[in-house]
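The structure appears right after this line, and notes come after that.
So this is what it looks like as structure tokens:
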């Protein structure tokens, strides 16, 4: 599969984006399913090429008239394949196959040394970062338009979701506050709300009328940092105080939960069902 397109603000496509698709079957010791593939996408916003992992549900090839909701997830290295993961995979493909859920998942690989910079909306005095707007623009202006043009998606916000864990959870939360017209639901695992106080300021000052159709799935563990669960619950309360319905903020602190891929993998099945059913 080859293409040279990038979405512009004018709604047209111009030559710029180069993609190559290949299947994971050729990887030794890969645990990714056969319906997982990778495309390479050049991001003008980040001035780099990104590996994008695509999961297509089992029904995609046979149900040729059907369109699918899409979940955009961060840190793709840890989602599908144990051989590329940092400390275990989420088993996203196996989970969705077993649940028979009709949802496309687009996993975006992190930028390694640039991960902090890409996933944080505000700079930290020690850890720096703060370049999430460029990364978010890549997703909304380049990646999503391409996915919607090449796959049978349901492109409306009602069927477009975003998620992540740790810094990826922080980013997913920021993304849905900034673009509720693009994303309707966010899957937020162990969000790094400690990174900057500005994320709380944003939540307090956001126009809640714009978030009338927004739903958020929060999960964190009591065996993470001392501040993880309290900060997540503080954010939940800010949203509710500002007018978001309690029914639209699904939050839970898991007693045995740790800051790990294993914990996030254990929470993914419930989150995936919630995304589709709510």
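Numbering (our numbering), first residue to last: 94 to 371. Cβ atoms here follow ideal geometry from the backbone N, Cα and C, with glycine treated the same way. On a predicted model such as this, the values are computed, not experimentally measured, just so you know.
- Contact between residue 146 and residue 200 holds: CB atoms are separated by about 4 Å, below the 8 Å threshold.
- Rounded to the nearest whole angstrom, the CA to CA distance from residue 290 to residue 217 is 9 Å.
- By the CB criterion at 7 Å, residue 256 and residue 265 fall inside the cutoff.
- A straight-line Cα-Cα distance of about 19 Å links residue 210 and residue 295.
- Judged by DSSP in its simplified three-state form, residue 124 adopts coil rather than helix or strand.
- Three or more beta-carbon pairs separated by less than 8 Å are not found between the region 221-228 and the region 189-196, which leaves the two stretches without contact.
- The alpha helix (DSSP H) runs of length 4 or more contained entirely in the region 210-262 are, from start to end of the chain, 225-230 and 237-243.
- Secondary structure of residue 146 (DSSP, three-state): strand.
- Of 152, 141 and 280, the smallest CA-CA separation from residue 167 is found for 280.
- DSSP, read as helix, strand or coil, puts residue 356 in helix.
- Closest option to residue 282, judged by alpha-carbon separation, among 353, 370 and 135: 353.
- Excluding residues up to 5 positions away in sequence, 311 and 329 lie with their Cβ nearer than 6 Å to the Cβ of residue 344 in the same chain.
- Remark: C-beta atoms of residue 357 and residue 242 do not approach each other more closely than 7 Å.
- Distance from the Cα of residue 263 is smallest, within the candidate group 292, 246 and 245, for 292.
- Around the beta carbon of residue 214, 16 or more other beta carbons sit within 10 angstroms, so the residue counts as buried.
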